[in-house]
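Just so you know, the sequences run in chain order A and B.
When we follow this note's numbering, the leftmost residue of the first sequence carries the number -15, and every step to the right adds one.
When we follow this note's numbering, the leftmost residue of the second sequence carries the number -15, and every step to the right adds one.
Glycine is no exception: its CB is placed at the ideal position from the N, C-alpha and C atoms.
Everything numeric in this text was worked out from a predicted model, so none of it was measured.
Please read the structure below before turning to the comments.
Number of protein chains: 2
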Amino acid sequence: MSSARANARDGAEATRVCPDYHAAVEMIGRRWSGAILWALSEGPHYFAELSQSIPGLSDRLLSRRLRELEQEGLVERSVHAGSPARVSYSLTDKGRELGPAIRELRAWAKRWNAGAARP
Amino acid sequence: MSSARANARDGAEATRVCPDYHAAVEMIGRRWSGAILWALSEGPHYFAELSQSIPGLSDRLLSRRLRELEQEGLVERSVHAGSPARVSYSLTDKGRELGPAIRELRAWAKRWNAGAARP
């Protein structure tokens, strides 16, 4: 407690949370986004495959999240000729570089059995 | 694309997203929770210090998030005798072990300037 106590006593400014980190943690933590990024970290997926990988996620919300992740530059969309044309999704470099953070979080989650602790 | 295409063709089950990871990413990504965990990763804080570290977060929502993080076993609360009594918050072992994931995410966020890319 000593540093907290000292800060409180002398009125020093508390360290502000890094805004880049703050934006990033809420972006990957947005409902279902972290799951989509995880699925795509295993490789490119067609829409139907993503939908299958993430039980409970509606197609409507999956489309919306994919559009957001595209806007954020994490995911790219490819259209494959054919009838009907098929659309696949993959991570960009920016998305792929989230890999170490996602893996650390997964390791933590497995260690602490985070799924069971959910309130 | 070869593996995505192969999966789609032979109808193999897509890999399900790990439920522990899924719970964890949405827990730390819940609005403001990631910021609170970050602030506490620097050491124990009194309530007022946390509030100062995270501009834009109301005291009401800060209290609520701290209670949730306590229930999830990430944060612990200590009451310090005095008049008025003061309450400080610190990370538990479980909370501290999120450190590597949080640091990886921060490194990524700084590299990609995630705060600016927010839609």
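Practice problem: Please go through the same chain and pick out, in chain order, the residues whose beta-carbon is closer than 6 Å to the beta-carbon of Ala66(B), but skip the five residues on each side of it. | Solution: In the sequence as presented, Ala is not what sits at residue 66(B); that position holds Gly. The answer is none, since no qualifying residue turns up.
Self-check item: Near-chain A residues of the region -5 to 17 of chain B - C-beta to any C-beta below 9 Å
Solution: The region -5 to 17 of chain B vs chain A, Cβ under 9 Å: Glu(-3), Ala(-2), Thr(-1), Arg0, Val1, Cys2, Pro3, Asp4, Tyr5, His6, Ala7, Ala8, Val9, Glu10, Met11, Ile12, Gly13, Arg14, Arg15, Trp16, Ser17.
Quiz prompt | Residue-chain proximity (Leu50(A), chain B), Cβ-Cβ < 8 Å | solution = Leu50(A) does not count as touching chain B.
Quiz item: Okay, do the region 78 to 87 of chain A and the region 44 to 61 of chain A touch, 3+ Cβ pairs below 8 Å being the bar?
Solution: Touching, per the Cβ criterion.
Exercise. Please decide whether Arg(-7)(A) counts as near chain B, where near means a Cβ-Cβ distance under 8 Å.
Key: Confidence in Arg(-7)(A) is poor, its pLDDT being 39 and thus under 50, which makes the residue's placement unreliable; the coordinate value appears in the next sentence. False, the Cβ-Cβ gap to chain B never drops below 8 Å.
Exercise. Express the C-alpha separation of Ala23(B) and Arg87(A) in angstroms, rounding to a whole number.
Key: One C-alpha to the other measures close to 22 Å.
Quiz item: What residues of chain A sit near Ala106(B), judged by a beta carbon separation below 9 Å?
Solution: The structure shown does not extend to residue 106(B), since chain B spans only -15 to 103, so no value can be given for it.
Quiz item: Taking Ala91(A) as the reference, which of Ala85(B), Ser37(B), Thr(-1)(B) has the closest Cα?
Solution: Ranked by Cα distance from Ala91(A), the first of Ala85(B), Ser37(B), Thr(-1)(B) is Ala85(B).
Quiz prompt | Minimum C-alpha distance to Ser62(A) - residue among Asp4(A), Ser74(A), Thr(-1)(A), Glu52(A) | solution = Closest by alpha carbon: Ser74(A).
Quiz item: For Ser47(A), which three-state DSSP category applies?
Solution: In this structure, DSSP gives Ser47(A) a helical state, which the three-state scheme calls helix.
Quiz item: Within 10 angstroms of its Cβ, does Asp43(A) collect 16 or more other Cβ (buried), or is it exposed?
Solution: Of the other Cβ atoms in all chains shown, fewer than 16 fall within 10 Å of the Cβ of Asp43(A); this residue is therefore exposed.
Quiz item: Enumerated in chain order, which unbroken segments of the beta strand (DSSP E) with a length of 3 residues or greater are wholly contained in the region 63 to 89 of chain A?
Solution: Listed in chain order, they are 70 to 75.
Exercise. Note down the Cα distance separating Phe31(A) from Ser72(A), rounded to an integer number of angstroms.
Key: The alpha-carbon atoms of Phe31(A) and Ser72(A) are separated by roughly 6 Å.
Practice problem: Could you name the residues that DSSP lists as bridge partners for Leu33(A)? | Solution: It is worth fixing the name first, because residue 33(A) is Glu in this sequence and not Leu. Checking the DSSP bridge columns, you'll see Glu33(A) has no partner listed.
Self-check item: Minimum Cβ-Cβ distance from Glu81(B) to chain A less than 8 Å
Solution: Taking Cβ atoms only, chain A reaches closer than 8 Å to Glu81(B), which makes this a yes.
Quiz prompt | Cβ contact (3+ pairs, closer than 8 Å) linking the region -2 to 7 of chain B and the region 34 to 41 of chain B | solution = No: fewer than three Cβ pairs fall under 8 Å.
Self-check item: Close-in-space but distant-in-sequence residues of the same chain around Arg14(B) (CB under 8 Å, 5 per side omitted)
Solution: Hits under 8 Å: Arg49, Glu52.
Self-check item: Simplified DSSP assignment, three categories, for Val59(A)
Solution: The answer is strand: DSSP assigns Val59(A) an E or B state.
Practice problem: Name, going along the chain, the residues of the region 19 to 39 of chain A whose beta-carbon falls closer than 9 Å to a beta-carbon of chain B. | Solution: The region 19 to 39 of chain A vs chain B, Cβ under 9 Å: Ala19, Ile20, Leu21, Trp22, Ala23, Glu26, Gly27, Pro28, His29, Tyr30, Ala32, Glu33, Leu34, Ser35, Gln36, Ser37, Ile38, Pro39.
Practice problem: Examine chain A for any beta-carbon lying closer than 8 Å to the beta-carbon of Ala93(B), and answer yes or no. | Solution: Yes, Ala93(B) lies at the interface with chain A (some Cβ there is under 8 Å from its Cβ).
Quiz prompt | Cutoff 8 Å; reference Leu46(B); Cβ partners in own chain excluding five residues on either side | solution = So the list reads Trp16, Ile20, Phe31, Leu34, Ser35, Ile38, once near-sequence residues are dropped.
Quiz item: Does any CB atom of chain A fall closer than 8 Å to the CB of Pro84(B)?
Solution: With 8 Å as the cut-off, Pro84(B) counts as an interface residue toward chain A.
Exercise. Assign Ala93(A) to buried or exposed, taking buried as 16 or more other Cβ atoms, counted over all protein chains shown, within 10 Å of its Cβ.
Key: Its Cβ being crowded by 16 or more others within 10 Å, Ala93(A) is buried.
Exercise. Answer yes or no: do Ser25(B) and Gly83(B) have a C-beta to C-beta separation smaller than 8 Å?
Key: For Ser25(B) and Gly83(B), yes; Cβs fall inside 8 Å.
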